[in-house]
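Quick note: the sequence shown uses my numbering, first residue 9, plus one each step.
C-beta: ideal position from N, C-alpha, C; glycine also.
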Amino acid sequence: MTTKKNFLLFDPALLKPAVAAAFTKLSPAVQWRNPVMFVVYIGSIITTLLGLQALQGVGDASAGFVLSVAAWLWFTVLFANFAEALAEGRAKAQAASLRGLKKSTWAKKLKEPRYGSAFLPEQAENLRKGDVVLVEATEMIPLDGEVIQGVATVDESAITGESAPVVRESGGDFASVTGGTRVLSDWLVVRIGVNPGESFLDRMISMVEGAKRQKTPNEIALSILLVALTIVFLVVTVTLLPFSLFSVGAAGAGTAVSLTALIALLVCLIPTTIGGLLSAVGVAGMSRMMQANVIATSGRAVEAAGDVDVLLLDKTGTITHGNRQASKFLPAPGVAENQLALCASQASVADETPEGRSIVVLAQRLGAVQALVGKTQEVAFTAQTRMSGVDVSQADGTVRSLRKGAVDAVRKYVESMGGKVPAEVIRAADEVSRRGSTPLAVADGATVLGVVELKDIVKAGIKERFGELRRMGIKTVMITGDNKLTAAAIAAEAGVDDFLAEATPEDKLKLIRSYQADGRLVAMTGDGTNDAPALAQADVAVAMNSGTQAAKEAGNMVDLDSNPTKLLEIVETGKALLMTRGSLTTFSIANDVAKYFAIIPAIFVSTYPQLAALNVMQLGSPNSAILSAVIFNALIIIALIPLALKGVKYRAMGAAVLLRRNLLIYGLGGLLVPFIGIKLIDMVLVALHMA
């Protein structure tokens, strides 16, 4: 079976297409989209024409010098094209590997939505949203959907890259299945959730296509700055020719600056380094998200991840392991433990969650299992009621209501029926909460029978991760449906900054809006339909691949691994993108300062001999200085491609520390590297008598 492939930084399979694309992108229709490199492109054309003119003995510079400058200007454009093509090639190759997963498959379309119903063979492309199909062992799931019957192991390596099979079953958080994955054992009855062309695989392919990437607001703002600098230097350079002609005429000596030298000066002064790599940095950011098994719907989402300063994290599965298990029955006064266990297990018979099953298992160990007599009706858990259970119709016409759920929710339910919660039960629940466990109250009608203790464990190392986030200036907020005492105990153990207990979908939405009203950017994860409103409101919303279709559509990122802690990695990747762009911009501008000392004295030394004092690099000749600067200007783009694609490694530091570090490494480095590089190139040119 085809699987998602990761590519090396300079994978041979990507280099050849990138080289070809670098020449294809020489089209004016492509070049004008990058104003900085378009100026270099026009300069290359003009210099080439000047070189051809010089071959005929016309012009104010030698043909060899002019054509050498023209050649390296073309290399500058080609190297920038190559950087962008290589970044896009990685994204397109990832998309191509995903496209290979799309195969025309036959599905067993059921006439009735249940196992054992008659079915008709149907091609996957003919299925529609709402259709129900049977998928048996070794068969491929035709389209995205939700399991409504059955339990089976599914190979999702084609999507996630993870070789270990996962269990998919009806009910709970693991009911979502993705088209293109394969059932390994047993069977599943799946209700199709999308129409052909709208599947998750289709959306993945379109998302990772680098050519379809839209520029982000920060990228647009930086582009405007670069264009402004380019226009300023263009105006300055244009005015230098008449100024030089006037100076030579007035002095009656010297040589006016050549047009080739002015073009070389312009190219070396404008920010060509970041201008050539800017698009590659953005494409590579989305590609790095893909390598982390996260699909970003836009570059805007990746960029926003680097700017977030509030993280909303679900307790279960993110901060704790999420496998809460029933560990103890704490009966109310006058209630036997077996009676509480029996009622709790009967209220949990239809509960397919791990917690519900663990209650049944614990009751079985105590021998407190007995089938319900009478007609039963399941009462499903909802985020609003925070209870579940079963209603049993008795032979005498009465209805017995068995409930289990959050203590305050059960209390309100019992009080609405005229009952009262014993003080001993409240104290027991508080004690369970102080231990960091979760108490569930159990009621039979208006009578509270006691509390079930559910234990969960905080993940190892999570406190240290939150400490890193705090140093980054990011506030962490734990969201949980637990009561305040349990939430406070877990929050203290995990080291989060704040928590929201007894959270409902409305509470999450309200919390996000309150932070955004204060001017903060909020990121959160979610997997359920009840998370969709909050995901839609959050600035960075990461939906779990195992979650519902509504959650995936509401989020602007999808985590293929369905790992809620991935949000921390996403934030670091986003910050690395912003740091990479900032570092390259700093390096590029600092580069230009150093190039002034190489090229300006060389251009004007014949007109103003005093400028020879600025030749601090002691370059061989004016022609050698100009050509060395142009060659360095081209080669530095190639040298920085690995940094642009791989990104600057993010470290958990404050903004001020990061700024100082950035200026020290890329600012000071940007000043020193050109001095060394241009001098070495000049020495080679002089030694080879090429200038």
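Indicate the three-state DSSP secondary structure (helix, strand or coil) for residue i in the structure shown.
i, result
"L529", "coil"
"V235", "helix"
"A598", "helix"
"T245", "helix"
"E144", "strand"
"P430", "coil"
"L508", "strand"
"F389", "coil"
"Q402", "coil"
"E154", "strand"
"Q378", "coil"
"Q626", "coil"
"L448", "strand"
"E501", "helix"
"G489", "coil"
"T189", "coil"
"R199", "strand"
"M691", "helix"
"V316", "coil"
"K657", "coil"
"L519", "helix"
"L135", "coil"
Taking C-alpha atoms, which residue in the options lies nearest to residue i?
i, options, result
"M425", "F507, G453 and A371", "G453"
"S231", "G283, V159 and E461", "G283"
"G628", "I649, A606, L648 and T390", "A606"
"C276", "T245, A437, S266 and E177", "T245"
"Q157", "T32, R296, N346 and E360", "E360"
"R659", "T581, M698 and D600", "T581"
"A497", "R442, K518, E476 and L517", "R442"
"Y123", "R411, S178, G675 and G290", "S178"
"V422", "D404, A451 and A559", "A451"
"I470", "L151, A502, Y604 and E345", "A502"
"A355", "F337, P617, R411 and V66", "R411"
"A160", "V429, V197 and P341", "V197"
"T247", "L267, L233 and I228", "L267"
"Q333", "A352, A88, A344 and E363", "E363"
"R190", "A145, N538, A499 and I200", "A145"
"A652", "S591, T326 and A642", "S591"
"A236", "L249, I278 and T488", "I278"
"P1", "L568, P541, L285 and A549", "There is no way to answer for residue 1, as the model of the chain reaches only from 9 to 699."
"D524", "D317, E345, M297 and R176", "Looking at the sequence shown, residue 524 is not Asp but Gln. The shortest Cα separation from Q524 among D317, E345, M297 and R176 belongs to D317."
"V644", "A358, R365, G427 and G685", "Note that residue 644 is Ile in the sequence shown, not Val. Answer by Cα proximity: G685."
In chain order, what residues of the same chain lie with their CB nearer than 7 Å to the CB of residue i, ignoring the 5 residues before and after it?
i, result
"I639", "W80 and I689"
"Q402", "G382 and R408"
"W40", "F46"
"G59", "A71, V74, L75 and A78"
"L679", "A598, V601 and A602"
"P682", "N599, A602, K603 and F640"
"S207", "L151, D152 and G187"
"T594", "N670, L671, Y674, G675 and G678"
Could you tell me if residue i is buried or exposed, where buried requires 16 or more neighbouring beta carbons within 10 angstroms of its beta carbon?
i, result
"N491", "buried"
"R479", "exposed"
"I465", "exposed"
"K116", "buried"
"A633", "buried"
"L693", "buried"
"V440", "buried"
"V243", "exposed"
"K560", "buried"
"S187", "With the sequence shown as reference, residue 187 is identified as Gly, and Ser is not the correct amino acid for it. Answer is buried; the Cβ neighbour count reaches 16."
"F182", "buried"
"T328", "buried"
"K24", "exposed"
"F31", "exposed"
"K220", "Residue placement at K220 is poorly supported in this model, since its pLDDT is 48, which falls under 50; the coordinates are not used for a value here."
Leaving out five residues before and five after residue i in sequence, what residues of the same chain have Cβ atoms less than 6 Å from its Cβ?
i, result
"V287", "In the sequence under discussion, the amino acid at residue 287 is Ser, which differs from the Val named in the question. Same-chain partners within the cutoff: E92."
"K119", "S125 and A126"
"A414", "R394"
"A437", "V415, P447 and V459"
"A29", "A93"
Does the ligand SAH have a heavy atom nearer than 8 Å to the CB of residue i?
i, result
"A502", "This structure does not include the ligand SAH; it has no bound ligands of any sort."
Margin query: Which runs of the beta strand (DSSP E) at least 3 residues long sit entirely within the stretch 248–311? Give them in chain order.
Written below: Taking only runs of at least 3 residues, the beta strand (DSSP E) segments lying wholly in the stretch 248–311 are 302–304.
| message | Which complete alpha helix (DSSP H) runs does the stretch 27–90 hold, if anything under 4 residues is left out? | response | 36–39 and 43–63
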